[in-house]
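Just below is one structure, and these are the notes that go with it.
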Amino acid sequence: MTTAPDMHRGVRVGGWSWVWRPWNVLVTAALAALTFLVFCVSISIGDFTVELSAVVRTLVGQGERVDEFVIMDLRMPRALVGVIAGVALGISGALTQSIARNPLASPDVLGITGGASATAVFVVTAGGGAAIGGAAGLSTAALTGGLLTGLLVYFLAWKKGIDGFRLILIGVSVSALTQAITTWLLVLADIRDVARAQRWLVGSLDSRSWPEVWAALWVMAVLIVVVLVVSFQMQPLHFGDDVAAGLGVRYSAVRAVLLLSAVLLAGVGVSAAGPVPFVALVAPQITMRLTRSPVPPVVASGVFGALLLIGSDLIARTVLPNDLPVGVVTAIIGGPFLVYLLVQANVRRAA
Amino acid sequence: MVVEQRAAPPGPDPRRRRLLGLAGLLVLLVVASVLSLVIGTRSLTPAEVWQGLSGDPGGDQRLVEITLIVQTLRVPRTVLAVVAGIGLGVAGALIQGHTRNPIADSGLLGVNSGASFAVVLSVSLFGLRNPVQYMWFAFLGAAVAGAVVFGLSSLGRGAGNPLTLALAGQGVTLFLAAMTTAVALGDEQTLDVLRFWNAGSVQGVGFDVIGVAAVFVGVGLFLAVLNLPVINLLDLGDDVARGLGVNIAAGRTVGVLAITLLAGAATAACGPIAFLGLMVAHIARWFTGPDYRWLVPCAGLLGAAVLLLGDVAGRLVVRPAELQAGLVIALLGAPFFAALVWLGKFRQA
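So the protein lines, in turn, are chains U and H.
First residue of the first sequence? That's 66 in our numbering, and the numbers climb one at a time after it.
First residue of the second sequence? That's 657 in our numbering, and the numbers climb one at a time after it.
Listed below in structure tokens is the structure:
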């Protein structure tokens, strides 16, 4: 699992310095290209198939009017929401795993998903058939609920600083609480609302619109800038608090900012696509192996998250019967992968 | 070498404390059972309950009604709460001993999501509508999911690490939940069964279901009793236990079998009830200390009492409607668990 050491070179510009890892950059670029390809295929396929070349032409603004309508008005929002949610979840997962120093942690465990689910189900079922404020209102409510729950976990786990172990266990218990509330709401509700709520609960990219795309995009862009700036300080955290402090990292502050960003990013992802399971968990782990990086790579995780989400959506729409939500596909991929990770981690510890 | 004394009973005589605790639990159980018979949408006096239990109603219209309520509603749910509570409490204590893991619980082991998935499959594929029919599937699903998580988290030297267990359970639960949803989305009737099943309730099943569950719990209890002396040694760690002459593979197999029977039967009859086993095992440890020969029976009795009280509370909080016992327990248990974490009761292995 090592690249040739002479490929790595220190680069210094002014006060900043980092390691140049060509393999990492190459893999990330390849993943980005693949994501773009899947993005185009995803747009081209539907009830009415647009040729790939026409898709590309339309994307650069040279397309015909029919294609432009189908692509820009009908299919682009869905695909873009997929990409945005995937990037947000992937980066959020990479951050969470770095902070918890545990390859199996993910925002699903931190209560964000559970809080968003409970709130969304409340909105759907309390609306009595008509959802309050439509789809945008639903995702705003889910975002608020998810963030509040995430912050609750954060403050409950805070005891002279954030400790990864305590964070996860508190997160598990808060998730269980929100799940009980969700179940209760479903029991009380009308069965037609239950079906709608259940569809949202598994995560889906159906019927998205441009306003949702823009809202999610802006929030995510700001967060990514914050994360990229702070993540320079993140690497030493993997050595533990003492070493990080010795290297001049204010670990408590850095961890707090990164964790907050992770919570917010997961909130963006969940409010855009619903609580799609496993993307945040799987994306950093797979990219870690692909880029041969010792820690979850932030940018590559985001790109892979997008690829995973729109790829799964494509599979759900084309291969699988009766139009299953994308979350089912990611769970089918993610579940076995998690098991594999666990077995591998345990066996390695035994060796 | 410094040996830390675990949960040292502060009283002068631990034996007396334990006996007092056991007696207190029995009293609590009796009180809870009486409350469960008396309180409901239509509250009865103890005298009326007695009449309903014992008597031939004769021609008295009021007595006929009371007899009906007591015998077909109150008695079954009380008996089921006791059976399932004992099952989950004992299973909770056993799981913690075998995994040497303070956060082990049948819910965290994926038992609940496994049962839900099996119920959804059986309802959707075979059109089963009756709890007696799908409880077998629920039992099977619970057992398989529990065994998978238990096995995964005890592989290699990761065994005993609370984090591995929590995450393995979480992963399997998420996976099964998504599959469950995928099946349920296709069919409204399945979805309707699923949402009530998921709440976890001791109400609404007859003695046919309760009888089957009781047999399984009985066999499970027998195995648990056989297993008790071994757990005390296994709790010292596999190496020490082996050194003391314990057949580890046999002890573990009997234990896992007992846990599967107990938790599986309770879940199959009631639906998912998370955190009960975990909660009562920790509370019982406060007065029994770490000796599993005392801990396991006390956890069982406490489990029955807490489930009964949870069910009674559920009848009271949203009157005249009811809050399912499983939800009451989860709403109480999750904060309890978080408090234990915050107080630093669990340590990373």
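Glycine included, C-beta positions come from ideal geometry on N, C-alpha and C.
All values reported here derive from a predicted model rather than from experimental measurement.
Alpha carbon to alpha carbon, how far is residue i from residue j?
i              : j              : result
L379 (chain U) : F402 (chain U) : 20 Å
V683 (chain H) : L676 (chain H) : 11 Å
V292 (chain U) : T395 (chain U) : 25 Å
Q845 (chain H) : G907 (chain H) : 43 Å
L784 (chain H) : D967 (chain H) : 27 Å
L923 (chain H) : G202 (chain U) : Checking the displayed sequence, the identity of residue 923 (chain H) turns out to be Thr instead of Leu. One C-alpha to the other measures close to 37 Å.
A286 (chain U) : S157 (chain U) : 13 Å
D132 (chain U) : V121 (chain U) : 11 Å
S317 (chain U) : W998 (chain H) : 19 Å
L208 (chain U) : M137 (chain U) : 26 Å
F831 (chain H) : V92 (chain U)  : 29 Å
D173 (chain U) : R718 (chain H) : 54 Å
I110 (chain U) : R756 (chain H) : 53 Å
S296 (chain U) : L323 (chain U) : 8 Å
E660 (chain H) : L678 (chain H) : Unreliable positioning characterises E660 (chain H) in this predicted model, as indicated by a pLDDT of 43, which lies under 50. A coordinate reading is not provided.
G305 (chain U) : V294 (chain U) : 20 Å
V146 (chain U) : Y219 (chain U) : 27 Å
L372 (chain U) : T944 (chain H) : 54 Å
Q300 (chain U) : D761 (chain H) : 35 Å
V103 (chain U) : S182 (chain U) : 29 Å
Looking only at C-alpha atoms, which of the options sits nearest to residue i?
i              : options                           : result
A803 (chain H) : H:A990, H:R975, H:L765 and H:L999 : H:L765
G959 (chain H) : H:F806, H:I725, H:L918 and H:I722 : H:L918
T114 (chain U) : U:N167, U:L139 and U:V125         : U:L139
V237 (chain U) : U:L216, U:T248, U:T214 and U:L175 : U:L175
A799 (chain H) : H:P976, H:V779 and H:S772         : H:S772
T190 (chain U) : U:G128, U:V146, U:A222 and U:R264 : U:R264
G856 (chain H) : H:R898, H:Q845, H:Q789 and H:L932 : H:L932
L730 (chain H) : H:G876, H:A990, H:L691 and H:D843 : The question names Leu, but residue 730 (chain H) in the sequence shown is Arg. Taking only the C-alpha atoms, the option nearest R730 (chain H) is H:L691.
E704 (chain H) : H:A688, H:L724 and H:V687         : H:L724
L987 (chain H) : U:T356, U:T248 and U:P301         : U:T248
T829 (chain H) : H:L841, H:L884 and H:G770         : H:G770
Q727 (chain H) : H:G862, H:A749 and H:G825         : H:G862
Q244 (chain U) : H:F992, H:V873, H:R672 and H:L983 : H:L983
V833 (chain H) : H:L882, H:P702, H:A961 and H:N768 : According to the sequence displayed, residue 833 (chain H) carries Ala and not Val. Nearest of H:L882, H:P702, H:A961 and H:N768 to A833 (chain H), Cα basis: H:N768.
L957 (chain H) : H:R673, H:V739, H:R672 and H:R671 : H:V739
V328 (chain U) : U:I289, U:V364 and U:A280         : U:I289
Q826 (chain H) : U:A170, U:I351 and U:G79          : U:A170
R382 (chain U) : U:A338, U:D271, U:V314 and U:V278 : U:D271
I233 (chain U) : U:R166, U:M299 and U:D258         : U:R166
D947 (chain H) : H:V875, H:N883 and H:N903         : H:N883
G961 (chain H) : H:R674, H:L685 and H:G680         : First, the amino acid is wrong: residue 961 (chain H) is Ala here, not Gly. Cα-wise, what sits closest to A961 (chain H) is H:L685.
G367 (chain U) : U:P87, U:I149 and U:A95           : U:I149
Q409 (chain U) : H:A824, H:L847 and H:T734         : H:A824
V239 (chain U) : U:I177, U:L325 and U:V360         : U:I177
L693 (chain H) : H:I722, H:D669, H:R672 and H:D712 : H:I722
R86 (chain U)  : U:T214, U:G75, U:L102 and U:L96   : U:G75
G151 (chain U) : U:G400, U:V404, U:L385 and U:V363 : U:V363
L216 (chain U) : U:G268, U:R261, U:A321 and U:S269 : U:A321
A260 (chain U) : H:W942, H:D843, H:V858 and H:F852 : H:D843
Which partner residues of residue i appear in the DSSP bridge assignment?
i              : result
W998 (chain H) : According to DSSP, which records beta bridges pairwise, W998 (chain H) is partnered with nothing at all.
List the residues of chain A that residue i touches, going by C-beta distances under 9 Å, in chain order.
i              : result
P342 (chain U) : Checking the listed chains, one finds no chain A in this structure; the protein chains it contains are U and H.
Which of the three DSSP states is assigned to residue i in this structure?
i              : result
R273 (chain U) : coil
E844 (chain H) : helix
I929 (chain H) : coil
F113 (chain U) : coil
R756 (chain H) : coil
F943 (chain H) : helix
I375 (chain U) : helix
T123 (chain U) : helix
D669 (chain H) : coil
I751 (chain H) : helix
A838 (chain H) : helix
F992 (chain H) : helix
V973 (chain H) : helix
S762 (chain H) : coil
D716 (chain H) : coil
Y405 (chain U) : helix
Round the Cβ separation of residue i and residue j to the nearest angstrom and send it over; I've been treating them as touching at under 8 Å.
i              : j              : result
L154 (chain U) : V341 (chain U) : 7 Å
A737 (chain H) : A981 (chain H) : 7 Å
V936 (chain H) : G745 (chain H) : 5 Å
V211 (chain U) : V347 (chain U) : As written in the sequence, residue 211 (chain U) is Gly, which differs from the Val given in the question. That belief does not hold up - the Cβ atoms of G211 (chain U) and V347 (chain U) are roughly 20 Å apart, past 8 Å.
L796 (chain H) : V839 (chain H) : 16 Å between Cβ atoms; not a contact.
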